[in-house]
Amino acid sequence: MSKVVQVQNITKTYGKKGEKQYQALKGVSFDVERGEFVGIMGASGSGKTTLLNILSTLDQPTTGNVYINGRDITGLNKNQMADFRGQEIGFIFQDFNLLENLTNRENIALPLSLQNVKASEINPKVDKIAKRLGIDHILNKYPAEISGGQKQRVAAARALVHEPAILYGDEPTGALDSKSATELLETMKGLNEKDRVSILMVTHDPYSASYASRILFIKDGKIGKEIKKDGKSREEFYQEIIAELGRR
Amino acid sequence: MLWKLSLTGIKSRFKDYLVLFSGLTFASAIFYMFMTLATNPAFLKGSLSIAFQITQIVFGFGIALLSIITFVYIVYANSFLLSMRQKDYGMYMMLGARTSKIGRLIFTETLVVGLLATLLGTVLGVALTQGVSSILISQLGLQIHKFVGFYLPALLWTIAFFAILFFLAAFWNRHKLVKSNIINLLHEDQKPVKLHRNKLWKFIEALLGIALLGTGYWAMMHAVKLGTKTIPIAFFTIVFGSYFTFDSFFTAIIDLLRKNLAFKYRKLHSFTLGQLKFRLSDYTRILSTVSLLFALALGAITVGLNFNNMTEQAMESTYYDVVLYNHNKKVDNQLKKVSVKSTTNLEYKIIMEGKGKERQRILYIPESQIENNKIMYQHYSRKNDVSHYDTRRITLNDFKNKKSNVAAEGEYQLVSLTPYKDAQVKVVPQVQYNRIKATVNKIELLRVNDFRSNFNNIEKLQKLSVNQMISSPNATKDGINVNLSNSKSAQYRLVSSMTSGFEFMGFFLGLAFLAMLASTLMFKVLSGANSDKPRYQMLWKIGTRKSLLKSSIAKEIGILFALPAALGVVDVLFGLQLFKSILGMNTYDKLWIPFTIFGVLYVIYYFLTVVLYQHIVLQKED
Ligand SMILES: Nc1ncnc2c1ncn2[C@@H]1O[C@H](COP(=O)(O)OP(=O)(O)O)[C@@H](O)[C@H]1O
Ligand SMILES: [Mg+2]
Numbered sequence: 001m002s003k004v005v006q007v008q009n010i011t012k013t014y015g016k017k018g019e020k021q022y023q024a025l026k027g028v029s030f031d032v033e034r035g036e037f038v039g040i041m042g043a044s045g046s047g048k049t050t051l052l053n054i055l056s057t058l059d060q061p062t063t064g065n066v067y068i069n070g071r072d073i074t075g076l077n078k079n080q081m082a083d084f085r086g087q088e089i090g091f092i093f094q095d096f097n098l099l100e101n102l103t104n105r106e107n108i109a110l111p112l113s114l115q116n117v118k119a120s121e122i123n124p125k126v127d128k129i130a131k132r133l134g135i136d137h138i139l140n141k142y143p144a145e146i147s148g149g150q151k152q153r154v155a156a157a158r159a160l161v162h163e164p165a166i167l168y169g170d171e172p173t174g175a176l177d178s179k180s181a182t183e184l185l186e187t188m189k190g191l192n193e194k195d196r197v198s199i200l201m202v203t204h205d206p207y208s209a210s211y212a213s214r215i216l217f218i219k220d221g222k223i224g225k226e227i228k229k230d231g232k233s234r235e236e237f238y239q240e241i242i243a244e245l246g247r248r
Numbered sequence: 001m002l003w004k005l006s007l008t009g010i011k012s013r014f015k016d017y018l019v020l021f022s023g024l025t026f027a028s029a030i031f032y033m034f035m036t037l038a039t040n041p042a043f044l045k046g047s048l049s050i051a052f053q054i055t056q057i058v059f060g061f062g063i064a065l066l067s068i069i070t071f072v073y074i075v076y077a078n079s080f081l082l083s084m085r086q087k088d089y090g091m092y093m094m095l096g097a098r099t100s101k102i103g104r105l106i107f108t109e110t111l112v113v114g115l116l117a118t119l120l121g122t123v124l125g126v127a128l129t130q131g132v133s134s135i136l137i138s139q140l141g142l143q144i145h146k147f148v149g150f151y152l153p154a155l156l157w158t159i160a161f162f163a164i165l166f167f168l169a170a171f172w173n174r175h176k177l178v179k180s181n182i183i184n185l186l187h188e189d190q191k192p193v194k195l196h197r198n199k200l201w202k203f204i205e206a207l208l209g210i211a212l213l214g215t216g217y218w219a220m221m222h223a224v225k226l227g228t229k230t231i232p233i234a235f236f237t238i239v240f241g242s243y244f245t246f247d248s249f250f251t252a253i254i255d256l257l258r259k260n261l262a263f264k265y266r267k268l269h270s271f272t273l274g275q276l277k278f279r280l281s282d283y284t285r286i287l288s289t290v291s292l293l294f295a296l297a298l299g300a301i302t303v304g305l306n307f308n309n310m311t312e313q314a315m316e317s318t319y320y321d322v323v324l325y326n327h328n329k330k331v332d333n334q335l336k337k338v339s340v341k342s343t344t345n346l347e348y349k350i351i352m353e354g355k356g357k358e359r360q361r362i363l364y365i366p367e368s369q370i371e372n373n374k375i376m377y378q379h380y381s382r383k384n385d386v387s388h389y390d391t392r393r394i395t396l397n398d399f400k401n402k403k404s405n406v407a408a409e410g411e412y413q414l415v416s417l418t419p420y421k422d423a424q425v426k427v428v429p430q431v432q433y434n435r436i437k438a439t440v441n442k443i444e445l446l447r448v449n450d451f452r453s454n455f456n457n458i459e460k461l462q463k464l465s466v467n468q469m470i471s472s473p474n475a476t477k478d479g480i481n482v483n484l485s486n487s488k489s490a491q492y493r494l495v496s497s498m499t500s501g502f503e504f505m506g507f508f509l510g511l512a513f514l515a516m517l518a519s520t521l522m523f524k525v526l527s528g529a530n531s532d533k534p535r536y537q538m539l540w541k542i543g544t545r546k547s548l549l550k551s552s553i554a555k556e557i558g559i560l561f562a563l564p565a566a567l568g569v570v571d572v573l574f575g576l577q578l579f580k581s582i583l584g585m586n587t588y589d590k591l592w593i594p595f596t597i598f599g600v601l602y603v604i605y606y607f608l609t610v611v612l613y614q615h616i617v618l619q620k621e622d
C-alpha cells in the first residue's frame with residue numbers, strides 16, 4: 001500500500017516574531033495510506049483545523065514537511081497551491097459552503113470547470129457522482145431549496161467529482177441532525193470501502209469518529225494515542241473511543 | 001466600554017470608512033457648489049440678465065434633480081455603512097449588550113459620520129466653487145463675471161438638507177438594528193435568494209421592456225409631430241421600459257448564456273453568471289435609475305456643450321465681423337487693436353425720390369461695385385431640421401429678374417450693410433449712378449482674425465463706429481437707421497450671455513450627476529461585498545487562483561457598470577433628437593467630447609469600485 005498523506009514533524013506558530021506568539025501545533029507526524037479512512041479527534045482548540053488547513057495548502061507550517069501523493073506541498077507558490085487544491089484535494093466543511101446563487105449541478109461542476117475539463121465531459125461526470133450520492137433528482141434546484149443533509153451530499157459530490165487524491169472533512173456532520181449525519185457517514189463509509197476513496201476527517205464527535213478505520217487523538221497540538229478498528233463492529237469501536245476519551 | 005468597542009470596529013475597517021466618508025464629503029461639496037451657482041445673485045445677474053426667467057426654471061429643475069440623486073446616494077451610502085456594521089453590532093448583542101444601547105450607538109455613529117462629512121464637504125465646496133468656476137469660465141470662454149465661492153444662504157441650505165437626510169438615515173439604521181434579531185444580523189449573508197419566477201411573465205416583461213423603450217425613442221425622434229406630448233410619453237415609456245428591461249431582458253440573456261454549456265463550464269463563468277443573475281434581480285431599481293440618470297447627465301453635458309454651438313451659429317449668420325461707416329480718430333485708434341483679415345469697400349449714394357406717400361429713400365449702388373468688390377453674405381436654410389448657413393456672393397446676375405427671390409435677398413443683404421435699413425435698393429449701371437446728385441458714401445466691411453479672443457476690442461470698435469453715425473447732427477433727418485443690436489458683436493454678446501449660463505450648468509450638472517450616480521452604484525456594489533466574502537473564501541479554498549477570483553470580480557462589476565451606461569448612451573443618442581428638432585442644433589457633431597469626459601470619469605469609478613471590492617472580499621495570503 002502506498003501513502004497518500006505523509007506528515008513529517010510539522011509545527012505551526014501563530015503571531016509574528018516579537019509579538020505574542022502561540023504554538024498551535026508542536027511537532028505532528030503521521031501517514032494516511034491509500035484507501036484509508038482516518039479520523040482525527042480532539043477537543044475544541046486542540047489544533048484540528050490548523051492541521052487540516054496545513055494539509056490542504058490553505059496555510060503553511062512553520063516547520064516540517066507534508067507530502068500528498070508523494071509531492072512536497074510545503075514548497076509550492078500561491079498559484080501552484082491553488083492548482084494543487086483544485087486537482088488533488090476534496091473538501092467538505094461544517095457549514096456546507098455551497099454557492100447559493102448556483103444550482104446544485106453548477107456547484108458540483110465548479111472544480112471541473114476550474115480545471116478546464118471539456119464542457120461536454122462535465123455533465124456526465126456530475127451525473128455519475130450525483131447518482132452515486134443519491135442526489136441526482138435535485139441537481140437543478142438551488143441549495144436554498146434542499147435540506148441540510150442533501151446540501152452536505154452536494155458538497156460531498158463537489159469534493160469528489162474531480163477524483164481527488166484525498167477527501168478532507170472538517171466536522172462535516174457538525175451542522176446536521178442525527179439522521180442526516182448518519183446518512184452522510186454511511187455514504188462516506190461506502191465511498192471509502194467500495195470506491196476506495198481516501199478520507200481524512202477531523203471531528204470532536206465520537207459517533208462520527210467511529211466510522212473511521214483508524215483514529216488519531218490530538219491534544220494541545222500533539223498527536224497522542226492512536227486506535228484502530230481492526231475488524232471490530234462500529235458499536236464496539238464507538239465504546240472504545242468513549243473509553244479512550246474518558247481516560248484522558 | 002461599548003463605545004470603545006465600537007471605535008475599535010471603525011479602526012479595523014478604516015479604509016472602508018475613508019471611502020464612505022470621502023464619498024459623503026464629496027456629495028455635500030457638490031451640493032453646496034450647485035446651490036451657490038444656482039442661488040448666488042451675482043452669478044445670475046452677471047451672465048443671464050436676458051434669459052433670467054428661463055434660467056431660474058432650469059436651475060430650479062437642476063436643484064430638484066440634484067436633491068433626488070443626493071437622496072438616493074445617501075440611501076445607498078448608508079446601506080453600505082450598515083452592512084459594515086451589522087455583524088459587529090450583532091456580536092455585541094450576542095455578548096449581552098442591550099438593544100437600546102446598540103440603537104443609540106448606531107444612531108450616534110451615523111449622525112456623527114454624516115455631519116462631519118457635511119461640514120468638511122461645505123468647506124471643500126467653497127474652495128471647489130472658486131476653483132471650478134474660474135477654470136470653466138476661462139476654459140470655455142464664458143461671459144461670466146467672477147464671483148466668490150462663499151455664499152451664506154447656500155451654505156445654510158446645504159447643511160440643513162444634509163442634516164435632515166442624516167437624521168433620517170440615523171433613525172432608519174437604529175430601527176433596522178433594533179427590530180431585526182441577532183441571528184439575522186450575524187447571518188445576513190446566508191439568506192436564501194429567490195430566483196425562480198413565472199417564466200411566461202418574465203418573457204412578457206422582457207418584450208414589454210423593449211417595446212416601451214422603442215416607443216420612447218420613437219417619440220423623441222418624432223418630437224415635432226407629437227409636440228408637447230413628447231416629453232410625458234418619452235418619460236413614462238423610458239422609465240418603465242428601463243425597469244422591465246433590467247428586470248427581465250438582461251436576466252433572459254444570462255439564462256441563455258447559462259444554457260450554453262461550453263460557455264458556462266469555463267473557469268468561473270458559471271459563478272459570474274450566477275452572481276450577475278442574482279445581482280440583477282436585486283439591482284433592478286438601482287440599475288434602471290442609474291441608466292436614466294446617466295442619460296440625463298450625459299445629455300446635460302452634450303446639450304450644454306452644444307449651446308456653445310449656438311454662439312457659433314450666431315456668428316455664422318453674419319458674414320462680416322465689423323461694419324465701419326465713417327472714420328474718426330477714436331475709430332482709427334481702436335482699429336489698431338484689431339487684427340483685420342480683409343477689408344471690402346462698398347460705395348453708394350442715397351437720395352429721396354417720389355412724391356407724396358410714394359416718397360422714399362433710395363439707395364443707389366453702381367454695378368461695378370457688385371462686380372468688382374466681391375460682396376459676400378450668409379445664406380440661411382434648413383436641412384434635415386438643422387439650421388444651415390452657406391456663404392454666397394452677391395452678383396449682378398442676382399438682379400436680372402427684379403421680382404425673383406435672389407434679387408430680393410441680394411437687395412436685403414445690401415441694405416443691411418448700410419445705415420439706411422428702410423431704403424429701397426437699386427443696382428444701376430455706372431453711367432446712371434454718376435448722374436445722381438448726391439454725396440458718395442463709403443462703408444468698410446471687415447473680416448477679422450480673432451473675433452472670439454479679441455471680442456471686447458471688436459465690440460468697442462463697432463460701437464464707436466455706430467455711435468459716430470448716430471451722433472452726427474443730421475442723423476434723423478438723413479434717415480440714418482442703425483444701432484448696435486444689428487451688428488455681429490451684438491448678436492454674439494446676446495447669444496453667448498444666454499448660452500454660457502446653460503453651458504456652464506449643463507457641464508457642471510452633468511459632472512456632478514455622474515460623480516454621484518457612479519458612486520451610488522459603487523456603494524451598492526460594495527454593500528454586497530461583506531456578504532460575498534464567504535463565497536470568494538470558498539472558491540479560494542477549493543482551488544481557485546487569486547488572479548482568477550480577481551478577474552471574475554472585475555468582469556462581474558464591469559457588467560454591472562456597463563449595462564446602465566450602455567442603456568444610458570442609447571437613451572442619450574435618441575434624446576438628442578429632441579434637441580435637434582426643437583433647437584435646430586446638430587448635437588451629434590462633437591459628441592465625442594462629452595462622451596470621452598464621461599467615459600474617463602466612469603471608468604475611474606469602476607476601477608475604484610473593483611479595487612475596494614477586492615480589498616474587502618479577498619483575504620490576504622500571508
Ligand atoms: N489565525 C490564528 N491566529 C492565532 N491563533 C490561532 C489562529 N487560528 C487558530 N489559533 C489558535 O490555535 C489553536 C488551535 O486552533 P484550531 O486549529 O482552530 O483548533 P480546533 O479546530 O481543534 O478547534 C487555538 O488555541 C486557536 O486559538
Ligand atoms: Mg476547528
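Residue numbers (full-length UniProt numbering), protein chains in the order written: chain V, 1 to 248; chain H, 1 to 622.
Each residue gets a CB set at the ideal place from its N, CA and C atoms; glycine is no exception.
Being a predicted model, the structure only gives us computed values, none of them experimental.
Original post:
Among H/8, H/542, H/216 and H/532, which residue has its Cα nearest to the Cα of residue 276 of chain H?
Top reply: H/532
Subject >> Below-9 angstroms beta-carbon distance, residue 615 of chain H vs any chain V residue >> reply: no
**OP:** Compute the minimum distance between the beta carbon of residue 291 of chain H and the heavy atoms of ligand 2, and state whether it is under 8 angstroms.
**Re:** no
**OP:** Check whether the Cβ of residue 205 of chain H lies closer than 8 angstroms to any heavy atom of ligand 2, and answer yes or no.
**Re:** no
Original post:
What does residue 228 of chain V pair with, by DSSP beta-bridge criteria?
Top reply: V/214
Subject >> Classification of residue 237 of chain V by the beta-carbon crowding that lies within 10 angstroms, buried from 16 upward >> reply: buried
Original post:
So, is residue 46 of chain V buried or exposed, given that buried needs 16 or more other C-beta atoms within 10 angstroms?
Top reply: buried
Subject >> Proximity of residue 49 of chain V and residue 170 of chain V at Cβ, strictly below 9 angstroms >> reply: yes
Original post:
How many angstroms separate the CA atom of residue 130 of chain H from the CA atom of residue 564 of chain H?
Top reply: Distance between the alpha carbons of residue 130 of chain H and residue 564 of chain H is about 33 angstroms.
Original post:
Alpha carbon to alpha carbon, what distance is there between residue 366 of chain H and residue 435 of chain H?
Top reply: 11 angstroms
Subject >> Proximity winner among H/133, H/28, H/199 and H/296, relative to residue 122 of chain H (alpha-carbon distances) >> reply: H/28
Subject >> Uninterrupted beta strand (DSSP E) stretches inside the stretch 275-339 of chain H (no shorter than 3 residues) >> reply: 322-324
**OP:** Under 8 angstroms Cβ to Cβ from residue 708 of chain H, same chain only, skipping five residues before and after it: list those, please.
**Re:** Limits of chain H in this structure are 1 at one end and 622 at the other, which puts residue 708 of chain H out of reach.
Original post:
To the nearest angstrom, how far is it from the Cα of residue 174 of chain V to the Cα of residue 95 of chain V?
Top reply: Near 8 angstroms, if we compare the C-alpha coordinates of residue 95 of chain V and residue 174 of chain V.
Subject >> residue 430 of chain H - DSSP class collapsed to helix/strand/coil >> reply: helix
Subject >> alpha helix (DSSP H) runs wholly inside the stretch 544-587 of chain H, at least 4 long, in chain order >> reply: Counting only runs of 4+ residues, the alpha helix (DSSP H) found wholly inside the stretch 544-587 of chain H occupies 546-583, in chain order.
Original post:
When we look at the beta-carbon of residue 68 of chain H and count the other beta-carbons within 10 Å, is it buried (16 or more) or exposed?
Top reply: exposed
Original post:
For the candidate residues H/346, H/292 and H/254, whose alpha-carbon lies nearest to that of residue 517 of chain H?
Top reply: H/292
Original post:
Name the chain V residues whose beta carbon is nearer than 8 angstroms to that of residue 270 of chain H?
Top reply: 102, 106, 109, 110 and 113, listed in chain order.
Original post:
Got a list of residues with beta-carbon closer than 6 angstroms to any non-hydrogen atom of ligand 2, in chain order?
Top reply: Those residues are V/48 and V/49, given in chain order.
Original post:
Under 7 angstroms Cβ-Cβ, which residues of chain H neighbour residue 97 of chain V?
Top reply: 538
Original post:
Are the C-beta of residue 265 of chain H and some C-beta of chain V separated by less than 9 angstroms?
Top reply: yes
Original post:
Sorry if obvious, but does the Cβ on residue 22 of chain V come closer than 8 angstroms to a heavy atom of ligand 1?
Top reply: Indeed, a heavy atom of ligand 1 lies less than 8 angstroms from the Cβ.
Original post:
Can you find a heavy atom of ligand 1 that lies under 8 angstroms from the Cβ of residue 82 of chain V?
Top reply: No, the beta carbon of residue 82 of chain V sits no closer than 8 angstroms to any heavy atom of ligand 1.
Subject >> The beta strand (DSSP E) enclosing residue 24 of chain V, as first and last residue numbers >> reply: 22-33
**OP:** State whether the stretch 155-162 of chain V contacts the stretch 101-108 of chain V, with contact taken as three or more CB pairs (one from each stretch) at a distance under 8 angstroms.
**Re:** yes
Subject >> Same chain, Cβ closer than 8 angstroms to residue 43 of chain V, neighbours up to 5 away in sequence not counted >> reply: 204 and 219
**OP:** Assess, as a yes-or-no matter, whether the stretch 202-211 of chain H is touched by the stretch 241-248 of chain H under the definition of 3 or more beta carbon pairs within less than 8 angstroms.
**Re:** yes
Subject >> residue 360 of chain H versus residue 420 of chain H: straight-line alpha-carbon distance, rounded >> reply: 11 angstroms
Original post:
Any heavy atom of ligand 1 within a distance shorter than 8 angstroms of the CB on residue 218 of chain V?
Top reply: Under cutoff, so the answer is yes.
Subject >> Within 9 angstroms, strictly: CB atoms of residue 254 of chain H and residue 213 of chain H >> reply: no
Original post:
Does the beta-carbon distance from residue 16 of chain V to residue 23 of chain V come in below 9 angstroms?
Top reply: no
**OP:** Using a Cβ-Cβ cut-off of 9 angstroms, state whether residue 533 of chain H counts as contacting chain V.
**Re:** no
Subject >> Complete runs of the beta strand (DSSP E) confined to the stretch 362-408 of chain H [at least 3 residues] >> reply: 376-383 and 386-393
**OP:** Just the chain V side, please: which residues come within less than 7 angstroms of residue 278 of chain H by C-beta, in chain order?
**Re:** 101
Original post:
Which partner residues of residue 420 of chain H appear in the DSSP bridge assignment?
Top reply: H/481
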